[in-house]
Every structure is written in structure tokens, then in C-alpha cells.
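Numbering (this note's numbering), first residue to last: 46 to 154. Glycine included, each C-beta is placed from N, C-alpha and C at the ideal position. This report refers to the structure that appears directly beneath it.
Written as C-alpha cells, this is what we have:
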């Protein structure tokens, strides 16, 4: 069996009404695979309806080191992603990253 050095964490928030995300999923959900040695986001998946949006977010988030904090990543989202679900995406990201730090703390205790 292959040894893993990553955690898979999720975060969710309510999708804005009137969007296709709300009609299909009712929530914004993000899945992050994070390397717990480097704290780097290795892979991303999201509950977007369009594949283009999913691909865009992969390019936007993958490779980001969480040790830098979330402020610059949130600014990156705010300056490149203009959609009604922007805030829902940010809240879901914050929830997933908090879950990551909680899991890491638990692992190291």
C-alpha cells in the first residue's frame, strides 16, 4: 500500500439563490488535497456546474502554500473570479482550510 503524505478535506457554504450552483447543488463545496509536509494544495475539486470553472479554480489554487495564510489567496479569488457565488466559494475555502489545520493538529498530538 502506498504511503500518503496528504489529507483530503472539504468545506461547504450555502450557494446564492438564483445561481446554477444553487439549482444543482444548493451549496458551494470544495475538496482540497493538501500535502501535510509542505502545507501545499496539491489538488482541488469544486461543486461548480461548468467544467471551465472547475479547471479555472484548479489553476487558481493548486500549488498554493497555506503557510502564507489565506489573505493573499482570497485576494487572488476576488481579483480573478467575478460571479455571484464568489463569497460562497471563499467561505467554503475557509472552512476546508480550517478543517485541514484542525486535522494536522490532531495528527501531531
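A residue is called buried when at least 16 other Cβ atoms come within 10 angstroms of its Cβ; residue 92 meets this threshold and is buried. In the three-state DSSP reduction, residue 90 falls in the strand class (E or B).
Per DSSP, residue 98 lies in no beta strand (DSSP E); the unbroken alpha helix (DSSP H) holding it starts and ends at 96-106. Burial is judged here by how many other beta carbons sit within 10 angstroms of a residue's own beta carbon; residue 49 has fewer than 16 and is exposed. In this structure, the CA atom of residue 104 is about 25 Å from the CA atom of residue 147. Beta-bridge partners assigned by DSSP to residue 76: 55, 90.
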